[in-house]
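Below is one structure, written out as structure tokens, with a few remarks after it.
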Amino acid sequence: MTTPGAGEGREKLLVNLTPELRRDLRIRAAEHGLNMQDAATAALAHWYSSTGTVDVDTKGAKSWGVFLPAGGPQRFTQECEERRMTKVQGMAQAITLWLQAHPSPSERLVNQPVKRILVGNQKGGVGKTFVASGLAQAMAEMGLRVLLVDYDPQAHLTSRMQIPGLPDGSDSLLKHMLGEGEKHLARSLVALPQERFGGRLHVLPASKDAFLMDAKLALLQVGRDTCLARALAPLEDSYDVIILDGPPNLGLAIDLAINYVQRRPGELIDHSGILIPVWSDRSSFDAYEMLNEQIGTHSRMTGAVVDQLGFVVNAYDSRKGIVTRSFYDGWNELTTPGVLATLKDSIEGREASDYQVPLLEHAPESDQANVMRALAKELAA
Ligand SMILES: Nc1ncnc2c1ncn2[C@@H]1O[C@H](COP(=O)(O)OP(=O)(O)O)[C@@H](O)[C@H]1O
Ligand SMILES: [Mg+2]
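Residues 1 to 381 (the working numbering) are what the sequence shown spells out, left to right.
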């Protein structure tokens, strides 16, 4: 989702694509320092000039959209008609060719900064905490060192992990953001004890003073934009991934988190950014519009480049009818890559929250746990 806008003179092509090709294109484009639309444009140009292409398996292709230079969609349609093949097959061939011509330059992946993911949406109850926590668990399970930051003063994440909140007066994240920390912030972390996480999953618990964050930070005269980055900097070398569980509002705290996950010099596209849990309904679309606006304003005002990593459609049930299904398609088509994962509302998820046990520990073989693992794999790639 690195290319949210159509941009000047671009036209959107809608065509089905398999999740595998979609993911490979996104990752490979990022490895080559390209955005998706430029990679897709190059793929089509390559395909137009090639002959004797081989059929590609397109089973499981899902709705996908990409912006091409003006006239691009018509040219593609025409080319498919001339070659007497479906657009789905045409696009699959073009992307497959491009992937073959652009192997993974794995050496580019070393020396990347710590991966920073804000799980954000000001709408409450959409599953931010659920997704942040499940993703962090899955990433730790696959061997990554993960720091999960409870960045919501309501402390849902902290309590669902059965971790006590930080006692009053202790070294909280806010204290460090204000430059008032006394000890190293690592002293405030809690490691999850479950064996499957191998001691690699650490939580920075919420503290009550977080409710005062906006008010206190408003008084900070200097360096406010970067105070979250400064507070977390001493921890970064100890982790592969830092995940922030965002608060349910669009205040100052979320602005600082957006700032924190911006692309750093030399950092690959979509290495860090915002992951957005949504529901398949109208109010989620309205909420996203506001969030997108805030990200846009932040970028314009500060010059930050902020990658939107994609949506996680939560509590999805296709049996809820055509409106639900059409909103789902809407998330996929709104931007590229669109939906990274789809979660159903499940008993295991509810139980994990209510029993205060991490999902992957409570129901390791559940569909939800596997969706979290697939998401972790995609985001870690
Ligand atoms: N896919 C799901 N299946 C089951 N329970 C879920 C699912 N997603 C969220 N929940 C539960 O719904 C409630 C709200 O989700 P939560 O993650 O707290 O939302 P948010 O952080 O956006 O406010 C929580 O109790 C959470 O555990
Ligand atoms: Mg939450």
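Just so you know, even glycine gets a beta-carbon here, dropped at the ideal spot from N, CA and C.
Neighbourhood of residue i by C-beta distance below 7 Å, restricted to the same chain and skipping five residues each side
i	result
Met136	Checking the sequence shown, residue 136 turns out to be Ala, not Met. Excluding sequence neighbours, Ala136 sits near Val146, Leu148, Leu201 and Ile243.
Leu144	Arg200, Asp240, Val241 and Ala380
Leu235	Leu147, Leu185 and Ala186
Trp116	A small correction: the amino acid at residue 116 is Arg; Trp does not occupy that position in the sequence shown. For Arg116, where only same-chain residues beyond five positions count, the Cβ hits under 7 Å are Ile242, Tyr260, Val261 and Ser272.
Buried or exposed (CB count within 10 angstroms, at least 16 for buried), residue i
i	result
Ala383	Nothing can be reported for residue 383, as the shown portion of the chain is limited to 1 through 381.
Arg319	exposed
Tyr355	exposed
Asn259	buried
Asn121	buried
Thr51	exposed
Asn314	buried
Lys183	exposed
Glu31	buried
Asp237	exposed
Lys59	exposed
Met290	exposed
Gln162	exposed
Tyr48	exposed
Ala132	buried
Thr18	buried
Gly134	buried
Leu157	buried
Leu219	exposed
Arg84	exposed
Ala101	exposed
Gly179	exposed
Ala376	buried
Thr297	exposed
Pro105	exposed
Gly246	buried
Supposed contact pair residue j and residue i - C-beta distance, whole angstroms, cut 8 Å
i	j	result
Val88	Ala45	With a Cβ gap of about 19 Å, Val88 and Ala45 do not count as contacting.
Ala206	Asp152	7 Å
Ala138	Arg373	5 Å
Phe327	Asp286	At roughly 11 Å, the Cβ-Cβ gap does not stay under 8 Å, so Phe327 and Asp286 are not in contact.
Arg263	Asp307	6 Å
Leu340	Gln368	That pair is no contact at about 15 Å.
Leu360	Glu141	6 Å
Leu204	Asp150	6 Å
Bounding residues of the alpha helix (DSSP H) (the contiguous stretch that carries residue i)
i	result
Arg26	Pro19 to Glu31
Pro73	Gly72 to Glu82
Leu359	Leu359 to His362
Lys123	Here Lys123 belongs to no alpha helix (DSSP H), and DSSP marks it neither H nor E.
Ile95	Lys87 to Ala101
Val371	Asp367 to Ala380
Leu44	Met36 to Tyr48
Cβ shell of residue i (< 6 Å), same chain only, five flanking positions each side left out
i	result
Ser353	Arg160
Leu256	Leu228
Gly33	none
Gly251	Asp214
Ala43	Ala94, Ile95 and Trp98
Val9	It should be noted that the sequence gives Gly, not Val, for residue 9. Result list for Gly9: Ala70, in chain order.
Val371	Ala341 and Leu343
Ser366	Glu348
Asp55	none
Asp329	Ser63
Thr324	Ser280
Lys175	Gly181
First and last residue of the uninterrupted beta strand (DSSP E) at residue i
i	result
Val146	Val146 to Asp150
Ser63	Lys62 to Pro69
Val241	Val241 to Asp245
Leu118	Lys115 to Val119
Leu178	Leu178 -> no beta strand (DSSP E), and no H or E assigned at all.
Leu157	Counting along the chain, Leu157 falls outside any beta strand (DSSP E), though it belongs to the alpha helix (DSSP H) covering His156 to Arg160.
Gly278	The residue asked about is misnamed: residue 278 is Val in this sequence, not Gly. Start and end: Gly273 to Val278.
Residue i Cβ short of 7 Å to ligand 4 heavy atom set
i	result
Asp354	Among the ligands modelled here, namely ligand 1 and ligand 2, ligand 4 does not occur.
Beta-carbon contacts of residue i that lie in its chain and below 8 Å, excluding the five residues immediately before and after
i	result
Ile295	Ile258, Ile274, Val306 and Gln308
His362	Glu348, Glu351, Ala352 and Tyr355
Pro364	Arg196
Secondary structure, alpha helix (DSSP H): runs of 4+ residues fully inside the segment 187-226 | 213-218
What are the uninterrupted segments assigned as alpha helix (DSSP H) that are 4 or more residues long and contained completely in the segment 247-271, given in chain order?
-> 252-260
Any beta strand (DSSP E) of 3 or more consecutive residues that is wholly inside the segment 316-346 | 339-342
Identify every run of the beta strand (DSSP E) within the segment 283-313, keeping only runs that are complete inside it and at least 3 residues long; order them along the chain.
-> 308-313
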